[in-house]
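Novice: Dropping the structure in here first, questions after.
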């Protein structure tokens, strides 16, 4: 379960990679978002969730096919992502892990491209999407509006 949780976080991060890479909007800055824009965000969000689920499944399948046990891969991944964590591994295991991480990173590039296409197809620029995504992190009123739209679309 830990493996799944870590990869959910990793895959969800794919959706925000662009926001971190390109956005220079201060999270405290108030961003005005129209209902039309929020509708586009809601629609994009649902499609992005589908891409994230697909990404998660493909990454898990790739890890399994590589011969790594999920817990072992998760342990090595956490150690590679955190300077405080270390893990004992043979040179062969480290090399297999490195090859696998390169493969996963290539997959992430493809998923990121899919997400950027979803955003573009909704008629939003990446910059505007990122600004709204940053605002959603701290603006509870905006979060409520988005939640209402997502709930309405599900019904």
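Residue numbers (my numbering): 191 to 345. Backbone N, C-alpha and C fix where the C-beta goes; we use that ideal spot for every residue, glycine too. If you're wondering where the values come from, they're calculated on a predicted model, not measured in any experiment.
1. Using 10 angstroms around the beta-carbon of residue 325, count the other beta-carbons present and answer buried if the total reaches 16, otherwise exposed.
2. How is residue 292 classed by DSSP in three states: helix, strand or coil?
3. Pair every Cβ in the segment 271-279 with every Cβ in the segment 300-313, then say whether three or more of these pairs are closer than 8 Å.
4. Under a Cβ-count criterion, where at least 16 other Cβ atoms within 10 Å of its own Cβ denotes burial, should residue 320 be classed as buried or exposed?
5. Pick from 221, 223 and 234: whose alpha carbon is nearest that of residue 313?
6. Measuring CB atoms only, is the segment 327-340 touching the segment 260-267, in the sense that at least three cross pairs come out at less than 8 Å?
7. Cβ atoms of residue 301 and residue 242: under 9 Å apart, would you say?
8. Kindly indicate the opening and closing residues of the alpha helix (DSSP H) around residue 258.
Specialist: Walking through what the data contain:
1. buried
2. helix
3. no
4. buried
5. 234
6. no
7. yes
8. Per DSSP, residue 258 belongs to no alpha helix (DSSP H) and is neither H nor E.
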